[in-house]
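Residue numbers (numbering that gives the first Met the number 0), protein chains in the order written: chain A, 0 to 168; chain B, 0 to 230. Idealized CB from N, CA, C, for every residue including glycine. Report on the following structure.
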Amino acid sequence: MSSAQQRYEALVRAYAPDLYRYAYWLCRSKHIAEDLVQDTLLRAWKNLAQLQEAKAAKAWLLTILRHENARRFERRQFDYSDVEQDSLEDNSQSPEHWVATDRLHRLMLELPLDYREPLVMQLLLGMTGEEIATVLSINLNTVNTRLFRGRAQLRARLQPEPAGVPQHG
Amino acid sequence: MDNLSLRRALYEDPSSINASALQDEPQLQQLQQELLALDAELKQQLHIDVPPELTEKILLRQSMLPVIKPWYLRPLPYATAAAILVSVLYWQAPNPVLPADLGQHALSHVYHELAALKATVALNDTDLQPLFTELGISANLPVPVRYARFCDFEGIRSLHLVLEIDGQPLTLFVVPDEVALDKNTKTQFADARFFGEAITFSSHRLLLVAEQPQLLAQAGRMLEKSLKINI
């Protein structure tokens, strides 16, 4: 087995699970998340020479995955310009939060992407504010603001709801 | 750090503030406990189950990819020579059926929808059959179909499919023609990247496009067996 192949296998085994989880929270569909991770890691194989340091692997893969997700949207926009709309390509419009039963899971899925993404990076992937800022191409203050607002929104929505107006008998 | 800054820092990362910094702030201590508990619950939710075969699937797909060489090691001269040869043959050979620009149109269409070549989800037969029926064909394709969409092909409502053959994508356009054409005539076309073949198949034209010319012959044989034109 070549050293590139060994390196690639190590990369896949180390990062595929977390990439899948991140992709799910990004696109809110397990099915699309699996496709995204596969496309991301195949693109990583084609560009493996670009990865110089092991410690940069996570940020590098996340950047590829975000680009792949953006391409998915471009493809969908392009699809709309075609003659007819009866595509069979899987571009599910039914995010899985419709069936999510756990309240926090559902609230997290409903959180705006700008707030959801840095929270996932921080809590799931253990990334620092600086690392998140690099992957999202925004400054650290913006990352902190989004983390602040994300947690604040979740906390506010988790507060017990006020008692409703009694219904007419 | 003042109360407001501490509150903000807790929301940004509740574990980043040492409990001793909140000694005189019972409300902030309470907030920290709540946010730490929220983070613990969130971590549980974020940690969704991963499909058991995911890693193996990725490694399998990667192992089936052709070896990627830098551009200066690729056999560009051979591909260019083959493309020129095919182009010359194309222009010199009599072409009784295929409109001169139909092959070019097929290539342009492929370039225009390159994303279709990357589709990975195999479509199931129950979804495909209505499309075939609508176009007047019956097909039981023995290879995965990764993409299927009606499209406008030179003004004719046609079917754009991407088949997977030997792990490689092959584009197939099924173009119905109102006038019955000569049976089983073949015409080839190409550019520097793709090779193509147009087959007149009863009252339909099949246009095949792939990066590997050997796939065209393979697909042609397969289609002859698995595709029928409904009368």
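Quick check: the segment 212-226 of chain B against the segment 157-165 of chain B, are at least 3 beta-carbon pairs closer than 8 Å?
yes
Rounded to a whole number of angstroms, what is the C-alpha to C-alpha distance between Thr132 of chain B and Ala138 of chain B?
The residue you call residue 132 of chain B lines up with position 133 of the second sequence. The residue you call residue 138 of chain B lines up with position 139 of the second sequence. Between Thr132 of chain B and Ala138 of chain B, the C-alpha separation is close to 9 Å.
Judging by CA-CA distance, which residue of B:Leu205, B:Arg192, B:Ile198 is the nearest neighbour of Pro212 of chain B?
As a first step, residue 212 of chain B is located in the second sequence; it is residue number 213 there, counting from the start. Nearest option by C-alpha distance: B:Arg192.
Which two residues bound the contiguous alpha helix (DSSP H) that contains Val142 of chain A?
To locate residue 142 of chain A, count along the first sequence from 1; it is residue 143. That run of the alpha helix (DSSP H) goes 139-157.
Given this structure, state the Cα-to-Cα distance separating Val208 of chain B from Glu67 of chain A, to the nearest angstrom.
Walking along the second sequence from the start, residue 208 of chain B turns up at place 209. Walking along the first sequence from the start, residue 67 of chain A turns up at place 68. Straight-line Cα distance between these residues: approximately 25 Å.
When the Cα of Ser62 of chain B is compared with those of A:Leu40, A:His104, A:Trp59, A:Asn143, which residue comes out closest?
Here residue 62 of chain B refers to the residue found at position 63 when the second sequence is read from its first residue. The shortest Cα separation from Ser62 of chain B among A:Leu40, A:His104, A:Trp59, A:Asn143 belongs to A:Leu40.
Reduced DSSP category for Asp242 of chain B - H, G, I as helix; E, B as strand; rest coil
Nothing about residue 242 of chain B can be read from this structure; chain B reaches only from 0 to 230.
Taking C-beta pairs closer than 7 Å, name the residues in chain E that Phe147 of chain A reaches, listed in chain order.
No chain E appears in this structure, whose protein chains are A and B.
Determine, using beta carbons only, whether Gln44 of chain B comes closer than 7 Å to chain A.
To locate residue 44 of chain B, count along the second sequence from 1; it is residue 45. It does: the Cβ of Gln44 of chain B has a partner Cβ on chain A nearer than 7 Å.
Nonlocal neighbours in the same chain, by C-beta distance under 7 Å from Ile131 of chain A, ignoring five residues either side
Start at 1 with the first residue of the first sequence, and residue 131 of chain A comes out as number 132. If we look at Ile131 of chain A and ignore the five residues flanking it on each side, its Cβ neighbours are Pro117, Met120, Gln121, Val142.
Does the beta-carbon of Gln49 of chain A have 16 or more other beta-carbons within 10 angstroms, so that it is buried, or is it exposed?
Along the first sequence, read from residue 1 onward, the residue named residue 49 of chain A stands at position 50. By the 10 Å Cβ count, Gln49 of chain A comes out exposed.
Can you check DSSP and say which residues form a bridge with Pro160 of chain B?
Counting from one through the second sequence, the residue named residue 160 of chain B turns up at place 161. Here residue 160 of chain B turns out to be Leu, not Pro, going by the sequence shown. Note: Leu160 of chain B sits in a beta bridge opposite B:Ala147, B:Leu171.
Hey, Pro168 of chain B and Arg148 of chain B are a contact pair by Cβ (cut 8 Å); roughly how many whole angstroms apart?
Taking the first residue of the second sequence as position 1, residue 168 of chain B is located at position 169. Taking the first residue of the second sequence as position 1, residue 148 of chain B is located at position 149. The pair is not a contact, with the Cβ atoms about 14 Å apart (cut-off 8 Å).
Give a yes or no on whether the C-beta atoms belonging to Val109 of chain B and Thr186 of chain B are separated by under 7 Å.
By one-based count along the second sequence, residue 109 of chain B stands at place 110. By one-based count along the second sequence, residue 186 of chain B stands at place 187. Not a contact, by the Cβ cut-off of 7 Å.
Cβ of Val134 of chain A within 7 Å of any chain B Cβ
The residue labelled residue 134 of chain A in the question sits at position 135 within the first sequence. Not an interface residue.
Hey, how far is the Cα of Val120 of chain B from the Cα of Ala32 of chain A?
To locate residue 120 of chain B, count along the second sequence from 1; it is residue 121. To locate residue 32 of chain A, count along the first sequence from 1; it is residue 33. Val120 of chain B and Ala32 of chain A: Cα-Cα distance of roughly 12 Å.
In chain B, which residues lie less than 8 Å from Arg20 of chain A when you measure between Cβ atoms?
By 1-based counting over the first sequence, the position of residue 20 of chain A is 21. Within chain B, the C-beta atoms nearer than 8 Å to that of Arg20 of chain A come from Leu45, His46, Ile47, Val49, in chain order.
Using a C-beta cutoff of 7 Å, does Ile83 of chain B count as contacting chain A?
Stepping through the second sequence from its first residue, residue 83 of chain B is reached at position 84. Output row for Ile83 of chain B: interface = no.
Whose C-alpha, out of A:Ala13, A:Asp34, A:Arg12, A:Val11, is nearest the C-alpha of Ala22 of chain A?
Taking the first residue of the first sequence as position 1, residue 22 of chain A is located at position 23. Comparing alpha carbon positions, the residue from A:Ala13, A:Asp34, A:Arg12, A:Val11 closest to Ala22 of chain A is A:Asp34.
Pairwise C-alpha distance: Pro141 of chain B and Lys224 of chain B
Numbered from its first residue, the second sequence carries residue 224 of chain B at position 225. Numbered from its first residue, the second sequence carries residue 141 of chain B at position 142. Counting only the Cα atoms, Pro141 of chain B lies some 10 Å from Lys224 of chain B.
Of all Cβ atoms in chain A, is any one closer than 7 Å to the Cβ of Glu153 of chain B?
Indexing the second sequence from 1 puts residue 153 of chain B at position 154. False, the Cβ-Cβ gap to chain A never drops below 7 Å.
Going by CA-CA distance only, name the one from B:Arg60, B:Gln44, B:Gln28, B:Leu101 that's closest to Arg204 of chain B.
Residue 204 of chain B sits at position 205 when you count from the first residue of the second sequence. Selection B:Arg60, B:Gln44, B:Gln28, B:Leu101 evaluated against Arg204 of chain B yields B:Leu101 as nearest (Cα-Cα).
Locate the alpha helix (DSSP H) running through Ala209 of chain B, then write down its first and last residues.
Position 210 of the second sequence holds residue 209 of chain B. Note, Ala209 of chain B: premise wrong, no alpha helix (DSSP H); beta strand (DSSP E) at 203-209.
What's the C-alpha gap between Gln159 of chain B and Cys150 of chain B?
For this step, residue 159 of chain B is matched to residue 160 along the second sequence. For this step, residue 150 of chain B is matched to residue 151 along the second sequence. Strictly speaking, residue 159 of chain B in this sequence is His, with Gln absent from that position. In a straight line, the C-alpha of His159 of chain B is about 6 Å away from that of Cys150 of chain B.
Residues near Arg7 of chain B in its chain [Cβ-Cβ closer than 6 Å; skip 5 each side]:
Here residue 7 of chain B refers to the residue found at position 8 when the second sequence is read from its first residue. If we look at Arg7 of chain B and ignore the five residues flanking it on each side, it has no Cβ neighbours.
Contact residues within the segment 207-230 of chain B, judged by C-beta distance below 9 Å to chain A
none
Per DSSP, Ser137 of chain B is paired with what?
For the purposes of this step, residue 137 of chain B is taken as residue 138 along the second sequence, with counting starting at 1. Note: Ser137 of chain B sits in a beta bridge opposite B:Lys227.
Using DSSP bridges, identify the partner residues of Lys185 of chain B.
Looking up residue 185 of chain B in the second sequence gives position 186. For Lys185 of chain B, which the question treats as bridged, DSSP gives the partners B:Ile198.
Residues that Ala15 of chain A contacts on chain B, provided the C-beta gap is smaller than 7 Å
Locating residue 15 of chain A in the first sequence gives position 16, where the first residue counts as 1. The answer, in chain order, is Leu53, Thr54, Ile57.
Which residues in the same chain have their Cβ closer than 7 Å to the Cβ of Tyr114 of chain A, if we skip the five residues on either side of it in sequence?
On the first sequence, residue 114 of chain A is found 115 positions in, with the first residue counted as 1. Residues Arg145, Arg148, Gly149, Gln152 of the same chain have their beta carbon placed closer than 7 Å to that of Tyr114 of chain A, with the five preceding and five following residues left out of the count.
So that I know if they touch, is there some Cβ in chain B lying closer than 7 Å to that of Gln49 of chain A?
In the first sequence, residue 49 of chain A corresponds to position 50, counting from 1. So, not an interface residue.
For Arg156 of chain A, tell me which candidate among A:Thr133, A:Thr62, A:Tyr7, A:Leu103 has the shortest Cα-Cα distance.
What you label residue 156 of chain A is simply residue 157 of the first sequence in a count that begins at 1. Closest by alpha carbon: A:Leu103.
Is it right to say Glu153 of chain B is buried, meaning 16 or more other beta carbons lie within 10 angstroms of its own, or is it exposed?
Reading the second sequence from its first residue, position 154 is the one you call residue 153 of chain B. With fewer than 16 neighbouring CB atoms inside 10 Å of its own CB, Glu153 of chain B falls in the exposed class.
How many angstroms separate the CA atom of Leu130 of chain B from the CA atom of Val174 of chain B?
By one-based count along the second sequence, residue 130 of chain B stands at place 131. By one-based count along the second sequence, residue 174 of chain B stands at place 175. C-alpha separation (whole angstroms): 13 Å.
What residues in the segment 184-205 of chain B have a beta carbon less than 9 Å from any beta carbon of chain A?
none
Would you give the residue range spanned by the alpha helix (DSSP H) that Ser2 of chain A belongs to?
For the purposes of this step, residue 2 of chain A is identified with residue 3 of the first sequence, where counting begins at 1. From DSSP, the alpha helix (DSSP H) with Ser2 of chain A extends over 2-26.
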